[in-house]
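K.L.:
What follows is a structure written as structure tokens; I'll ask about it next.
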Amino acid sequence: MIGLLQNLVDAANLGSLYALAALGVGLLFGILRLVNFAHGDFISIGAYALIVPSFEVTAQLFIGEWNWALMIPTVTLIVVIVALISDALVFQPLRRASAPTLMIASFAVSYVIQNGILMIYGARPKAANLWSGLDTPILLGELRVPLLQIITIGVTLALMVALTLFLKQTRYGVMMRAAAEDFRMAQYLGVNGNFVIGLAFAISGILATAVSLLYLSQTGTLAPTMGVPLALFAFVATVIGGMGSLLGAVVGGFLVGFIVIMLQAYLPEDLRPFRDAFAFTFVILILLVRPSGIVPTRAFIERV
Amino acid sequence: MLDVNDIHVTYGRLRALKGVSLSVKEGEIVCLIGPNGAGKSTTLASIAGGVTPHRGTISLEGKPLAGVGPEGIARLGVSLVPEGRHVFGALTVAENLRVATYMRKDRSAIAADYDRVLALFPRLQERIGSPGGRLSGGEQQMLVIARALLTKPRLLLVDEPSLGLAPKIVDQVYDILLAARKMEGLTLLINEQSSHRILKHADRIYVIRGGHIQLHDTAANLQDGEAIKRAYFGFGEEAAIDEEDAA
Ligand SMILES: Nc1ncnc2c1ncn2[C@@H]1O[C@H](COP(=O)(O)OP(=O)(O)OP(=O)(O)O)[C@@H](O)[C@H]1O
Ligand SMILES: [Mg+2]
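In order, the protein sequence lines correspond to chains A and B. Going letter by letter, the first sequence gives residues 1 to 304 in the working numbering. Going letter by letter, the second sequence gives residues 1001 to 1247 in the working numbering.
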């Protein structure tokens, strides 16, 4: 029983990271029909921005050493700027391009960022201690939960509430929802298309930074492709959640986290290396039952 | 106010407009009528900046609109109510209306405009909190007209306001358009497939078919409907037009 509870907390923790990444991917897909493969690399940048540029195997924290109240806004700003630059240089000139073209362009952005990291920081993974004081376990009855997991889940919930309030209560949020549903009609009503897309990239960058910090503090390792598996699971989450639905992205993220952790825990020992293959089998099963995802949206189907 | 001069639009290899010219003067009601696929919607979308003609010019009060883009043209006071309504289905009626006001600089006037416009649409007031996607077809048509009015346009472009609506509802839609025109001092350019309702309201009529303007005259001169019928169905001119297309 305690084992199951422990696994559920782990699932919520991993699901939080996937849900945050999936929200960042889903937001851009909603507005731009862009499947942004570079999202994982935005996450990597958030982690690498914390350390001193060098080829050393043990990373030396730089911005990462600052007080969190200064460090978090600084890292966020860096990632947001990278996201906005990739929009301005790559996606803005491709506004009229088809969805597959946009996706391939995002591969290019991803490749450029990864190689940039390779050039500045080297190819070898690095160890880094971010917020190492936070892995003290908290006892909840018999349950031992690392403080970091509680923080991860809490931060995720807080960001989701903040995003919801932003989208429902502010003028920019209403503009974004209108543009996500019918971009051209929003423009006919005077909504500035490039502004709304820039906003989506910025928010996507903020969400990516949150994943960077939480993920790095949990794993303690940096690698030039560290964000790629996170982005991959985020895509899976948005697909099974229902492309274009933010609620779907969150549900999908937690579901994928749940599937992965449960397989990890209950799969027989010798099958465990194939955990991800089993996870994707589940994904295919879900899509066979619900081809347009758990939370299908009309916006996606009706988009001209 | 509006001058469209010899615009050509193609979709891939399909030539939708083959040199359309028309003009609208301040305060007029002008109607563009034509059969399915004639190029009516393409003409309005070109004016609103949603489609880019590869030849010809469009100008508003003498200023060319090329390169301004849909959001810029909206800010210049041209509002399009497109075919098929395009309600934001997941947004409430109130949010649908609010989107239209975000670009406006005269923030202080918005609240009064909102009340005045909504007074024309009692049905929308009742449904102000419902998602746009839940409204009936007639209510959605009302919503998109109200929404366009809240951009405070000088020129309102309306694409087939009667499409898919019961005749009684169409009457209401036209009553509202005419009331709004009086109240807001609007100029109107309306697309319709048939002339029978519009003939009594319009000042001037253009008939479009096959991407060409076939006929243009004042509504007063066209009241008997014969000339419109000939232009609409192309009796006696088919050969001449086909030759021109082939050239
Ligand atoms: N987005 C598009 N892509 C390709 N072809 C298009 C597109 N929009 C319109 N067309 C074609 O261009 C031509 C003109 O279409 P348009 O919609 O302007 O006609 P319309 O007069 O508005 O017709 P309707 O009464 O059916 O609304 C038609 O042959 C149509 O099939
Ligand atoms: Mg049409």
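For every residue, glycine included, the Cβ atom is placed at its ideal position computed from N, Cα and C. Remember, it's a predicted structure, so these values are computed and weren't measured experimentally.
Thinking C-beta only, is Val250(A) closer than 8 Å to Leu230(A)?
P.N.:
For Leu230(A) and Val250(A), no; Cβs fall outside 8 Å.
K.L.:
If contact means a Cβ-Cβ distance below 7 Å, which residues of the stretch 188–203 of chain A contact chain B?
P.N.:
Flagged, chain order: Tyr188, Leu189, Gly190, Val191, Asn192, Gly193.
K.L.:
Grab the span of the beta strand (DSSP E) containing Gly1056(B) for me, first residue to last.
P.N.:
It spans 1055–1060 - the beta strand (DSSP E) in which Gly1056(B) sits, taken as one unbroken run.
K.L.:
I'd like to confirm the pairing. Which residues does DSSP put opposite Ile1029(B) in its beta bridges?
P.N.:
In DSSP, Ile1029(B) forms a bridge with Leu1188(B).
K.L.:
Is Pro1131(B) close to chain A, meaning its C-beta is less than 8 Å from at least one C-beta of that chain?
P.N.:
No - not a single Cβ of chain A is within 8 Å of the one on Pro1131(B).
K.L.:
Taking the C-alpha atoms as reference points, what is the distance between Ala202(A) and Ile81(A)?
P.N.:
Rounded to whole angstroms, Ala202(A) to Ile81(A) spans 8 Å at the Cα level.
K.L.:
When you compare the CB of Asp182(A) with every CB in chain B, is at least one pair closer than 8 Å?
P.N.:
Output row for Asp182(A): interface = yes.
K.L.:
Pro224(A) lies in the beta strand (DSSP E); which residues open and close that run?
P.N.:
Run containing Pro224(A): none; DSSP gives neither H nor E here.
K.L.:
Can you tell me which of Thr152(A), Gly198(A), Ala127(A), Ala158(A) puts its alpha carbon nearest to the alpha carbon of Gly173(A)?
P.N.:
Ranking Thr152(A), Gly198(A), Ala127(A), Ala158(A) by Cα distance to Gly173(A) puts Gly198(A) first.
K.L.:
Under 7 Å Cβ-Cβ, which residues of chain B neighbour Ala186(A)?
P.N.:
Result: Val1099.
K.L.:
Checking contacts by CB at 8 Å: is Leu1153(B) closer than that to chain A?
P.N.:
First, the residue type needs correcting, since residue 1153(B) is Pro and not Leu in the sequence shown. For Pro1153(B), the answer is no, since every Cβ of chain A falls outside 8 Å of its Cβ.
K.L.:
For Thr1052(B), is the beta carbon positioned less than 7 Å from some heavy atom of ligand 1?
P.N.:
No, the Cβ of Thr1052(B) stays beyond 7 Å of every heavy atom of ligand 1.
K.L.:
Helix, strand or coil: which one does DSSP assign to Ile286(A)?
P.N.:
Of the three classes helix, strand and coil, the one that applies to Ile286(A) here is helix, per DSSP.
K.L.:
Just to confirm, does Gly1049(B) get its C-beta within under 7 Å of one of the non-hydrogen atoms of ligand 1?
P.N.:
No, since every heavy atom of ligand 1 falls outside the 7 Å radius drawn around the Cβ of Gly1049(B).
K.L.:
Under 8 Å Cβ to Cβ from Ile138(A), same chain only, skipping five residues before and after it: list those, please.
P.N.:
These residues qualify, in order along the chain: Arg144, Val145, Pro146, Leu147, Ile150.
K.L.:
Within the continuous alpha helix (DSSP H) that includes Tyr111(A), where are the two ends?
P.N.:
Unbroken alpha helix (DSSP H) run through Tyr111(A): 99–121.
K.L.:
Between Asn129(A) and the rest of its own chain, which residues show a CB-CB distance below 7 Å, the 5 nearest in sequence each way excluded?
P.N.:
Cβ neighbours of Asn129(A) beyond the five flanking positions: Gly220.
K.L.:
Listed by chain order, which residues have C-beta atoms less than 7 Å from any heavy atom of ligand 2?
P.N.:
Residues with a Cβ closer than 7 Å to any heavy atom of ligand 2, in chain order: Lys1040(B), Ser1041(B), Glu1083(B), Asp1159(B), Glu1160(B), Asn1191(B).
K.L.:
Nearest to Leu102(A) by CA position, among Phe91(A), Ser110(A), Val239(A), Tyr111(A), is which residue?
P.N.:
Comparing Cα-Cα distances from Leu102(A) to each of Phe91(A), Ser110(A), Val239(A), Tyr111(A), the minimum goes to Phe91(A).
K.L.:
Does the beta-carbon of Gly1034(B), which I'm using as the reference point, lie nearer than 7 Å to any heavy atom of ligand 1?
P.N.:
Yes, Cβ of Gly1034(B) sits closer than 7 Å to a heavy atom of ligand 1.
K.L.:
Mind checking if Pro1053(B) is an interface residue toward chain A, Cβ cutoff 8 Å exclusive?
P.N.:
No, Pro1053(B) does not count as interfacial toward chain A.
K.L.:
For Phe1121(B), which residues in chain A fall below 9 Å Cβ to Cβ?
P.N.:
Residues of chain A passing the Cβ test: none, with the nearest at roughly 17 Å.
K.L.:
Rounded to the nearest angstrom, what separates Pro1064(B) and Val1004(B) at their Cα positions?
P.N.:
Distance between the alpha carbons of Pro1064(B) and Val1004(B) is about 10 Å.
K.L.:
By how many angstroms is the C-alpha of Glu1192(B) removed from the C-alpha of Ile1198(B)?
P.N.:
In a straight line, the C-alpha of Ile1198(B) is about 8 Å away from that of Glu1192(B).
K.L.:
Judging by CA-CA distance, which residue of Met1001(B), Lys1040(B), Ile1033(B) is the nearest neighbour of Lys1018(B)?
P.N.:
Nearest of Met1001(B), Lys1040(B), Ile1033(B) to Lys1018(B), Cα basis: Lys1040(B).
K.L.:
Mind pulling the chain A residues with CB within less than 9 Å of Pro1167(B)?
P.N.:
Residues of chain A passing the Cβ test: none, with the nearest at roughly 27 Å.
K.L.:
Can you tell me whether Arg95(A) is helix, strand or coil according to DSSP?
P.N.:
The answer is coil: DSSP assigns Arg95(A) none of H, G, I, E or B.
K.L.:
Say whether chain B places a C-beta atom closer than 8 Å to the C-beta of Val305(A).
P.N.:
Residue 305(A) lies beyond the stretch modelled for chain A, which goes from 1 to 304, so this question has no answer here.
K.L.:
If you count every other CB in all the chains shown that lies within 10 Å of the CB of Val289(A), and 16 or more means buried, which is it?
P.N.:
Flag for Val289(A) reads exposed.
K.L.:
Would you please state the rounded distance, in angstroms, between the beta carbons of Ser1195(B) and Ile1205(B)? I believe it to be under 8 Å.
P.N.:
Right, the Cβ-Cβ distance comes to about 7 Å (below 8 Å), so this counts as a contact.
K.L.:
Could you tell me whether the Cβ of Leu1091(B) comes closer than 8 Å to any Cβ of chain A?
P.N.:
Cβ-Cβ to chain A under 8 Å: yes for Leu1091(B).
K.L.:
Please find out if some non-hydrogen atom of ligand 1 comes closer than 7 Å to the beta-carbon of Ala1016(B).
P.N.:
Yes.
K.L.:
With a Cβ-Cβ cutoff of 8 Å, do Thr1043(B) and Ile1145(B) count as a contact?
P.N.:
No.
K.L.:
According to DSSP, is Val304(A) helix, strand or coil?
P.N.:
Unreliable placement is indicated for Val304(A), whose pLDDT of 31 sits below 50; no coordinate value is reported for it.
K.L.:
Excluding the five sequence neighbours on either side, which residues of its own chain have a C-beta within less than 7 Å of the C-beta of Gln1141(B), listed in chain order?
P.N.:
Arg1085, Pro1161, Leu1165, Val1173, listed in sequence order.
K.L.:
Using the Cα positions of Gly24(A) and Ala1219(B), report the straight-line distance between them to the nearest angstrom.
P.N.:
Cα to Cα, Gly24(A) sits roughly 55 Å from Ala1219(B).
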